[in-house]
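Position in the sequence shown (from 1) plus 2 gives the number in the working numbering. Working notes, structure below.
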Amino acid sequence: MITSKSLHHANIALIFDEKSFALPESADLMALYRGEEAKGARLVDDPVIRAKVLTLPAIQTRFTVEYPRVRIDDESGAELAQSKLAHHARHAYDAIFVKHPLTAWGINMDIYFRTQKLILLKDIFSSYFSEQALEGADLLDTGIQFTIRRKKVVEVWFIKVTAPLELAVHVNRHFKDVDFPDEKGLHDALEKCYNETDKMMEHFMYA
């Protein structure tokens with residue numbers, strides 16, 4: 003039984019058509035924010051791997067451009083109700099990237115779940131391997147990975163036991179051949195992803 007959950011990290015990723023995508027000018031990235039929001043801004047430009055990283059400590063957000071992908075990370079550690087991730091993702095898209103054809107976009111979340119029942123690593127491990135596989139060895143940790151499709155959405159899940167009463171869950175939702183939502187649509191998609199992890203974890207048999 004799950005007793006509590008908390009959001010550890012979230013980001014939004016945009017994937018563009020390789021043939022038409024171009025890295026933005028550094029000046030354009032630095033111009034995304036002005037005044038107080040831009041205080042302490044740092045830009046790293048690596049032309050070898052065609053990547054640029056803009057870190058904005060004042061708004062606790064990081065923008066990573068890796069041809070042909072853009073990732074917006076919320077570094078605040080805030081729960082979704084206080085997060086500005088949807089706002090910053092849409093702002094960057096409208097200001098710089100809207101001119102490039104978008105092929106897909108996605109959500110990544112790291113969530114911690116607390117359980118009432120003690121999770122035994124060997125119970126999970128034994129679902130995949132016989133006892134002989136551990137002969138002469140100690141099992142230190144284990145986890146589960148799976149991928150599912152729901153209509154136009156592909157979900158990749160990683161579930162790892164991080165403590166006897168704790169699970170770390172990473173979920174990626176990949177939306178292909180759909181328009182990039184407006185700010186409200188993005189926030190709703192983030193909340194939906196976060197809330198619907200409960201439905202999956204209710205069926206986790208080892209908790």
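Even for Gly, the Cβ is constructed at its ideal location relative to N, Cα and C.
Burial state of residue i, where buried means 16 or more other Cβ atoms lie within 10 Å
i, result
"glycine 79", "exposed"
"glycine 108", "buried"
"aspartate 19", "exposed"
"asparagine 13", "buried"
"tyrosine 35", "buried"
"phenylalanine 65", "buried"
"arginine 151", "exposed"
"aspartate 76", "buried"
"leucine 63", "According to the sequence as given, residue 63 is threonine; it is not leucine. Buried: at least 16 other Cβ atoms inside 10 Å."
"glutamate 27", "exposed"
"arginine 175", "buried"
"serine 8", "exposed"
Start and end residues, alpha helix (DSSP H) containing residue i
i, result
"glutamate 198", "185–203"
"aspartate 30", "28–32"
"alanine 88", "87–94"
Residue interval of the beta strand (DSSP E) (run including residue i)
i, result
"histidine 11", "4–18"
"glutamate 77", "From DSSP, glutamate 77 is part of no beta strand (DSSP E); its letter is neither H nor E."
"phenylalanine 99", "Neither: phenylalanine 99 is in no beta strand (DSSP E) and is coded neither H nor E."
"phenylalanine 65", "63–68"
Coarse secondary structure for residue i, derived from DSSP in three states
i, result
"leucine 82", "coil"
"arginine 52", "coil"
"glutamate 38", "helix"
"alanine 106", "strand"
"methionine 207", "coil"
"leucine 25", "coil"
Cβ separation of residue i and residue j, assumed to be a contact under 8 Å, to the nearest whole Å
i, j, result
"phenylalanine 182", "tyrosine 95", "6 Å"
"valine 173", "aspartate 143", "About 19 Å; that fails the 8 Å criterion."
"methionine 111", "tyrosine 196", "6 Å"
"proline 70", "leucine 120", "With 8 Å as the limit, proline 70 and leucine 120 do not qualify as a contact, their Cβ atoms being about 45 Å apart."
"valine 72", "leucine 16", "5 Å"
"valine 67", "leucine 25", "6 Å"
Report the residue ranges of all beta strand (DSSP E) runs contained in full by the segment 114–189; include only those spanning at least 3 residues, in chain order. Taken in chain order, the unbroken stretches of beta strand (DSSP E) that lie wholly in the segment 114–189 and span 3 residues or more are 145–152, 155–165, 168–178.
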